[in-house]
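Colleague: For the first sequence, counting from 1, position 86 maps to 86 in UniProt numbering; every step adds exactly one.
Ideal placement from N, C-alpha and C gives every residue a C-beta, glycine not left out.
Quick one: the structure is below, questions incoming.
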Amino acid sequence: MPELPEVETSRLGITPHLQGQTIKAIIVRVEKLRWPIPQELQLLVGQRIQSIRRRAKYLLIDTPTGSAIIHLGMSGSLRVLDESISVAKHDHVDLILDNGKVLRYNDPRKFGSWLYAAVGVDHDVLAKLGPEPLTDTFNAEYFSEKTKNKKTVVKQFVMNNAVVVGVGNIYASESLFMAKIHPKTPVGELTQPQILRLVSEIKSVLATAIKQGGTTLKDFNQVDGKPGYFAQELHVYGRAGKACLICQSLIQEEKIGQRNTFWCETCQPYK
DNA sequence: CTAGAGGCCTGCCCGC
DNA sequence: TGCGGGCAGGCCTCTA
1 MPELPEVETS RLGITPHLQG QTIKAIIVRV EKLRWPIPQE LQLLVGQRIQ
51 SIRRRAKYLL IDTPTGSAII HLGMSGSLRV LDESISVAKH DHVDLILDNG
101 KVLRYNDPRK FGSWLYAAVG VDHDVLAKLG PEPLTDTFNA EYFSEKTKNK
151 KTVVKQFVMN NAVVVGVGNI YASESLFMAK IHPKTPVGEL TQPQILRLVS
201 EIKSVLATAI KQGGTTLKDF NQVDGKPGYF AQELHVYGRA GKACLICQSL
251 IQEEKIGQRN TFWCETCQPY K
């Protein structure tokens, strides 16, 4: 579930439990997730958590000397539990706090990551990321400059983290539908009004999703609480062969860049 | 530079 | 009911 809205929801959910607490221990039960979990992570033991930030889909748990950098991959999730709660299948990492709570990381597919960066050091995984979609640095002028003379199709372009971060497979299709742009349009051919519209729809689709994700905060620290996050109003994603909610045409599905892509041929004509 | 394919893992759903 | 195949919200790496 971890697209940007859920990562942000996780951040908001864990922050009040973690901020100001001291890390008592870090228990790692797997050798590697996406990458080996670095020994340096243990340097955080004894440190006080100052803040929890999000950059792209990474969460950063900051202490005065360094940060844990967490990515949820395809199937990762974080919960705050009492330390006494027993470990379940795929609970790979525990960050144990002074207050008797534990931040517990579960990830069946192990595509996520736990990394470490000393204070002041920019980890490689963060080095080449584009702007945050919900900030002013992601705007039409920036987007126009990036797209100039490029032939990359727009669906893949907006999913490129070097262009803009946090637009995953679901929201790429959804944003393009809202902007009425065909996913296979080469970005160099986008008109100025289309670029304005697309930038604006990416922001609004993500912002709306974050708002909806907020409802999962309530059960965030329940023991077996699952995020009730799926109740999205998706217009095209996962709706192949069904009627478009606007015009009743059948929703199309095709792999673009090895990822399933959904669109309405009528609402999003290929000009 | 880009595009495309492969790979990492497990769970789940579908069809037989 | 059991089993094999295909697919899944991410993203890095290798090849052409």
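By alpha-carbon positions, which one of Cys264, Leu234, Phe143 and Ile202 ends up nearest to Leu4?
Modeller: That would be Ile202, whose Cα lies nearest to the Cα of Leu4.
Colleague: Taking one C-beta from the stretch 15-25 and one from the stretch 86-99 each time, how about it: are there three or more such pairs within less than 8 Å?
Modeller: Contact between the stretch 15-25 and the stretch 86-99 is present, because at least three Cβ pairs lie under 8 Å.
Colleague: On the criterion of 16 or more Cβ atoms from any shown chain inside 10 Å, does Gln268 qualify as buried, or is it exposed?
Modeller: Result: buried.
Colleague: In its own chain, which residues sit with a C-beta less than 8 Å from the C-beta of Arg34, not counting the 5 before and 5 after it?
Modeller: Contacts found: His71, Gly73, Lys110, Phe111, Gly112 and Ser113.
Colleague: To the nearest angstrom, how far is it from the Cα of Pro131 to the Cα of Phe138?
Modeller: Distance between the alpha carbons of Pro131 and Phe138 is about 6 Å.
Colleague: Do Arg29 and Leu59 count as a contact pair if the criterion is CB distance below 8 Å?
Modeller: Not a contact, by the Cβ cut-off of 8 Å.
Colleague: For the alpha helix (DSSP H) containing Glu6, list its first residue and its last residue.
Modeller: Unbroken alpha helix (DSSP H) run through Glu6: Leu4 to Leu18.
Colleague: Tyr237 bridges to which residues according to DSSP?
Modeller: DSSP, once it has assigned bridges, lists no residue as partnering Tyr237.
Colleague: Who are Tyr105's beta bridge partners in DSSP?
Modeller: Its beta-bridge partners are Leu78 and Val93.
Colleague: Taking 8 Å as the cut-off, does the stretch 157-166 touch the stretch 114-121 (at least 3 CB pairs, one atom from each stretch)?
Modeller: No: fewer than three Cβ pairs fall under 8 Å.
Colleague: Does the Cβ of Thr191 have 16 or more other Cβ atoms within 10 Å, making it buried, or fewer, making it exposed?
Modeller: It counts as exposed.
Colleague: Tell me the residue span of the alpha helix (DSSP H) that contains Gln156.
Modeller: First-last of the alpha helix (DSSP H) with Gln156: Val154 to Val158.
Colleague: For Gln50, which residues in the same chain have their Cβ closer than 7 Å to its Cβ, ignoring the five residues on either side in sequence?
Modeller: Once the five neighbours on either side are set aside, the close Cβ partners of Gln50 are Asp62, Thr63 and Pro64.
Colleague: Enumerate in chain order the residues of its own chain whose CB-to-CB distance from Phe230 is below 7 Å, with the five nearest sequence positions on each side excluded.
Modeller: Any reading at Phe230 must be qualified, since the residue scores a pLDDT of 47, below 50, and its modelled position is unreliable; the value itself is stated next. No residues qualify anywhere along the chain.
Colleague: Let's see if you can read the secondary structure: which residues bound the alpha helix (DSSP H) around Val125?
Modeller: Residues Asp124 to Ala127.
Colleague: Judging by CA-CA distance, which residue of Leu196, Arg239, Glu31 and Leu245 is the nearest neighbour of Glu253?
Modeller: When each option's Cα is compared against that of Glu253, the closest is Arg239.
Colleague: Apply the 10 Å Cβ neighbour rule to residue 272 and answer buried if 16 or more other Cβ atoms are within range, or exposed otherwise.
Modeller: As displayed, the chain neither begins before 1 nor continues past 271, which places residue 272 out of reach and without an answer.
Colleague: Please report the distance separating the alpha-carbon of Gly166 from that of Gly46.
Modeller: The straight-line gap from Cα to Cα measures roughly 32 Å.
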